[in-house]
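Numbering (the working numbering), first residue to last: 46 to 243.
Rendered as structure tokens:
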């Protein structure tokens, strides 16, 4: 079942790639909001469009698409989809995320840097939690842009067997993981210290 889903996703991405960069990157901006893995786009964008757009163009288009996606899903969670998402959370036995004003930065960082949470779930949860738009945008840009660039470069380098590019892409990803690991520890320690002070 999972293998069939994986193959179907790859076939869809290949089909979107045949439609050209506009179709591909608009799909990248929309489909992850419906649950399609963002990784399917970031790992394949370089091999599909690297020659026609250049890797700088692919990274810029990928970052733009990811930004549109996380802003769109956040806005939907705060607006039109909020009643439906709240009912879905209750039906699944979960509570709406709650955070005070002082804890909101910590919540955004933790959600953004915790591995395993699907991209669309991160965006919808933070929208439901009413994360302030400014904080959400700044922290999301720092996290998502670095991961998006790293995975686009890594996917292209891996497919073409370019050792030097693999090293560069891996370095970007390692730096992004290191920063997010530091952020998790920093904000976790700060939260624990604040709780101890109370």
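Idealized CB from N, CA, C, for every residue including glycine.
Terminal residues of the alpha helix (DSSP H) in which residue i lies
i           : result
residue 114 : 83-123
residue 151 : 149-158
residue 172 : 164-173
residue 66  : 66-75
residue 140 : Careful: residue 140 lies outside any alpha helix (DSSP H) and carries neither H nor E.
Pick from the options that is closest to residue i, judged by C-alpha positions
i           : options               : result
residue 188 : 156, 199 and 141      : 156
residue 195 : 63, 103 and 71        : 103
residue 184 : 149, 199 and 169      : 149
residue 141 : 111, 200 and 169      : 169
residue 107 : 164, 137, 88 and 135  : 88
residue 171 : 129, 125, 116 and 201 : 116
residue 70  : 164, 91 and 200       : 91
residue 203 : 93, 175 and 63        : 93
residue 164 : 68, 125, 81 and 56    : 81
residue 167 : 56, 200 and 118       : 118
residue 6   : 175, 151, 72 and 64   : With the chain represented from 46 up to 243, any question about residue 6 goes unanswered, as that position is not in the structure.
residue 186 : 160, 66 and 153       : 153
residue 158 : 191, 130 and 132      : 191
residue 109 : 66, 128, 56 and 200   : 66
residue 201 : 161, 101, 151 and 160 : 101
residue 198 : 64, 128 and 105       : 105
Inter-residue CB distance, residue i and residue j (contact presumed, cutoff 8 Å)
i           : j           : result
residue 122 : residue 173 : 5 Å
residue 59  : residue 83  : About 17 Å; that fails the 8 Å criterion.
residue 74  : residue 113 : 4 Å
residue 68  : residue 79  : With 8 Å as the limit, residue 68 and residue 79 do not qualify as a contact, their Cβ atoms being about 16 Å apart.
Are the segment 93-100 and the segment 175-189 touching, with three or more C-beta to C-beta distances below 8 Å?
-> Fewer than three Cβ pairs drawn from the segment 93-100 and the segment 175-189 lie within less than 8 Å of each other, which leaves the two stretches out of contact.
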